[in-house]
Each structure stands twice: as C-alpha cells, then as structure tokens.
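Per this note's numbering, the sequence shown starts with residue 11, numbered consecutively.
Beta carbons are placed, not taken as given, at the ideal position from N, Cα and C, and that holds for glycine.
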Amino acid sequence: MKLAITHDWLTVPGGAEKVVKRWFDLYPDAPVYTTVFDKGRIGHIFDSSRVVPSFMQKVPFSKKHYTKMLSLMPRAFEEFDLSEYDVVLSSSSSCAKGVLTTPDSVHIAYVHSPMRYAWDLYHEYYASSGALARMMMRRTMPAIRQWDMLSSQRVDHFIANSNFVARRIRKYYRREADVIFPPVNTEFYTPGDPGAAGEGDNYYMIISRFVPYKKIDLAIEACNALKRRLVIIGGGPDEQRLRELAGPTIEFKGSLGDEEVRNYYRGCKAFLFPALEDFGITPVEAQACGRPVIALKKGGALDTVLPGKTGVFFDSQDVTSLTAAMEELEGMTWDSDFIRSHAEGFSNERFDREISAYVDEKWQARLKEIS
C-alpha cells in the first residue's frame, strides 16, 4: 500500500498538525503534500525531505499571508499528481480534500471542519473583517462554496473529528462521516504530585489563540464579575482588546512551553472553554491532568466533557450563564482520578490504532473491488 498525505498548510504547530504528525510517524514512507511549508517554524516537527509544497511556496510572503490566498488553494491541490498512490489520507479544514485521485485508489478525508469562513461562520467572519476583505469575500466566496461542495464528492470516505463536525459534513456536503477523535498526549499531560509547586492555586485557566471566536473576552468578563483569578496563556491579534477588558484578577502569561502549560493545568481550579469548537484538544489535556472543565454546551465539548463528572456545561455565551456555571462548579467536589481516566480514552495510542485499522479496512475493501 503506497500512501500519501495532504494537509492544508504546514506553518505553525496546532491541533491539526498533531494529527498529521501521528500519520507522519505511522507511515514513514509517506510524503506530505501541502500549499505552504514554513521550515523555520515547523521544520523541527516535520522532516522537510518528505514535504512537497505547492507553487504557492514561491509566492512572496506566502508563509505569512497564506490565509489571504484562499482563491489559489483549489488549483494548488488539483495540480498535485497523486496517481502513483494507492491511498491518499487528507487532513482538511480548507482545501486539502480537493486533490485528484485515480479510480482505483482510496481517498480518505479526515475533516477537522468544513470551511468555517465559507459556511456557518461566514457572517461572523464577514462582520469582523475590514472593507477590502469584505469586498473580496463577496466576490470569491460563492465560487469557493461551489468548489468546496464539488470537491467533497471526490472523497471516498470521510472521517470527522467529532460528532459535531460529522453533522456539519452531512449539512454542507450531503455525505456521511465516521468519527475518530483527534489524538491527545495523555502520556505527557498527567496529574501532578500532591503538594507540587503550583498545586492547589485558586485560579481558572485558558490557553488559546487570541481571536474573537474563542470568546476569551467572555471568560474575562465573568472573572471580572466574580473577582476570580484567571490565568490566560497564548497570544494573537485580539490581545490589545482583551488586555483593555481585563480587571486586576486577570493574568496574561504569553506563550509558554509545554511543561509550564502542564503545571498550570495541574494547578487550576478548572479550565474554561467558552468557544464553540469543532473538537477542542485543550479541555482534554486539562482533564488528563485531573482538572474539571467548564465548557459551552455545544460543539466538540459534548464529546469530551461528562457533566457532573469531568466538568460543567453552560448554555449560552453570556456572562450570566458562565458565572452561574463557575459558581456551580465551586460548590461541587471532583474526583481527579476519574477525570484522568476519562481523558485516557482520547490518547495518542488509541488514535493510531483506530486510524491504522480504518485505512487498512478501506484499502482491503478497494482491493476486493478491483481484483
């Protein structure tokens, strides 16, 4: 079985890149076809000899402004010649699923999300964009939607990273998807030793990119209202606005290393997850460290949080709903061992096993069809 991997772009480490890294190690002979590869930022994770970037790599400043080059991405993926491969495994939240494959091959698309900015979050992205971006969105998005729907019909099998994404695939592509949850490094994210530095600190925690849909402002306003300590890890374009909202109990830590992040997970009262996410790896990392989660009762969190056992849900993205959930959590007792055992069901090993079995099953079925 000769296998190739496609991925939207390899520029910064993130949840989707963790998925691709597991495949990269599972299939050591497989190349990765992508639009743009930033060797300086992600070359320590992916061996550049196995990465095949598109013509977009040669466009000036593409490594920085690739997200503004959406109109070039369908062509970039369609120009890759994958005719020599038996199996193509795509990692897609944009255009990577749009590659052209042969009738005898198997194309499996692991979808982190249908294009948010083209479908259900179009109006939210549009409202938060400048005048020039709005003009471009009005001109290009109808064609992008048509291509996205058309390219979805080329895929042989869809895998969704959550039940929420499976429903969205059904809505926008009219296709059914199997669900395989993303990998979480539960071997690294573990509960701390009792009495270790940072344990028992009375704070809530968020780790996130600073962009509007993450709703960090909601967590800040809730902690301002209750005068609760909130530790925020990360960075991004929304930072200045968030800092202006923050009261005296809000702490910005910037970008931290994995061990520092783990220490904060281990010591927090609870992890706040106010965004509507397709899956959400960080709440599972917090649970792997034995800490409960307060999450919006929508999206991927419904697959990862057990209400009353590993966390608390709140119903709507407003301060009243979130503060009520925080006060509810503070009145409960939590079994760290149970929370940890629940998170172990999302491990790297589990992901590797399920993906390998899925790929083998679909390839063997294709072999029977063509023999």
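- When Glu-27, Met-151, Gly-355, Met-79 are compared, the shortest CA-CA separation from His-54 is found for Glu-27.
- Here Gly-318 is exposed. Its C-beta has fewer than 16 other C-beta atoms within 10 Å.
- Counting of Cβ neighbours within 10 angstroms places Gln-297 among the buried residues, the total reaching 16 or more.
- Using a C-beta cut-off of 8 Å, the region 221-229 makes no contact with the region 186-198, since fewer than three inter-stretch Cβ pairs fall below that distance.
- Between Phe-348 and Ala-335, the C-beta spacing is not below 8 Å.
- In terms of Cβ geometry, Phe-90 and Val-109 form a close pair [threshold 8 Å].
- Apart from sequence neighbours up to five positions away, the residues of its chain that approach Arg-178 with a beta-carbon distance below 6 Å are Pro-124, ordered along the chain.
- Taken in chain order, the complete beta strand (DSSP E) segments of 3 residues or longer contained in the region 257-308 are 260-264, 280-283, 303-306.
- Residue burial is scored here from C-beta neighbours: Ala-232 has at least 16 other C-beta atoms within 10 angstroms and is therefore classed as buried.
- According to the DSSP assignment, Ile-230 belongs to the alpha helix (DSSP H) that extends over 226-236.
- Between the beta-carbon of Leu-99 and that of Trp-19 there is about 16 Å, and that puts the pair past the 8 Å contact cut.
- Counting the other Cβ atoms within 10 Å of the Cβ of Arg-301 gives 16 or more, which makes it buried.
- Boundaries of the alpha helix (DSSP H) around Gly-50: 49-52.
- According to the DSSP assignment, Thr-150 belongs to the alpha helix (DSSP H) that extends over 141-162.
- One Cα belongs to Phe-168, the other to Ser-357, and the distance between them is close to 21 Å.
- Contact annotation: Tyr-120 and Val-42 have beta-carbon atoms that are not nearer than 8 Å.
- DSSP lists no bridge partner for Gly-355.
- Leaving aside the five residues that flank Lys-73 on each side, the residues in its chain whose CB is nearer than 7 Å to its CB run, in chain order, Thr-21, Val-46, Asp-48.
- Per DSSP, the beta-bridge partners of Ile-242 are Ile-216, Phe-262.
- Looking at Gly-277, Gln-163, Arg-180, Lys-12, the one whose alpha-carbon comes closest to that of Cys-105 is Gln-163.
- Restricted to the region 12-92, the beta strand (DSSP E) segments that are unbroken, complete and at least 3 residues in length are 13-17, 42-44, 61-63, listed in chain order.
- Excluding five sequence positions before and after Glu-94, the CB atoms of its chain that fall closer than 7 Å to its own CB belong to Lys-12, given in chain order.
- Taking the Cα positions, Ser-381 is about 39 Å away from Phe-289.
- A straight line joining the alpha-carbon of Pro-84 with that of Ile-154 spans about 9 Å.
- Taking the Cα of Arg-185 as reference, the smallest distance to any Cα among Met-159, Glu-295, Ala-311, Asn-273 is reached at Met-159.
- Leu-332 sits away from Pro-258, with the two beta carbons spaced by 8 Å or more.
- Of the residues Glu-364, Ser-64, Glu-379, the one whose Cα lies closest to the Cα of Ala-170 is Glu-364.
- Counting C-beta atoms within 10 angstroms of its own C-beta, Asp-227 has 16 or more neighbours from the protein chains shown and is therefore classed as buried.
- A check of alpha carbon separations from Ser-172 across Asp-188, Asp-328, Asn-273, Phe-87 identifies Asp-188 as the nearest.
- Annotated as distal: Tyr-368 and Ala-280, with beta-carbon spacing of 8 Å or more.
- Looking at the DSSP output, Ser-100 sits in a beta bridge with Thr-16, Ala-119.
- The DSSP-derived three-state label of Phe-348 is helix.
- Its chain contains Ile-380 as the residues whose beta carbon lies nearer than 6 Å to that of Asp-114, once the 5 sequence neighbours on both sides are disregarded; these appear in chain order.
- The shortest CA-to-CA distance from Ile-190 to any of Arg-360, Trp-373, Asp-248 is the one to Arg-360.
- Looking at the DSSP output, Ile-169 shares a beta bridge with Tyr-120, Asp-188.
- Between Ala-86 and Phe-71, the CB-CB gap reaches or exceeds 8 Å.
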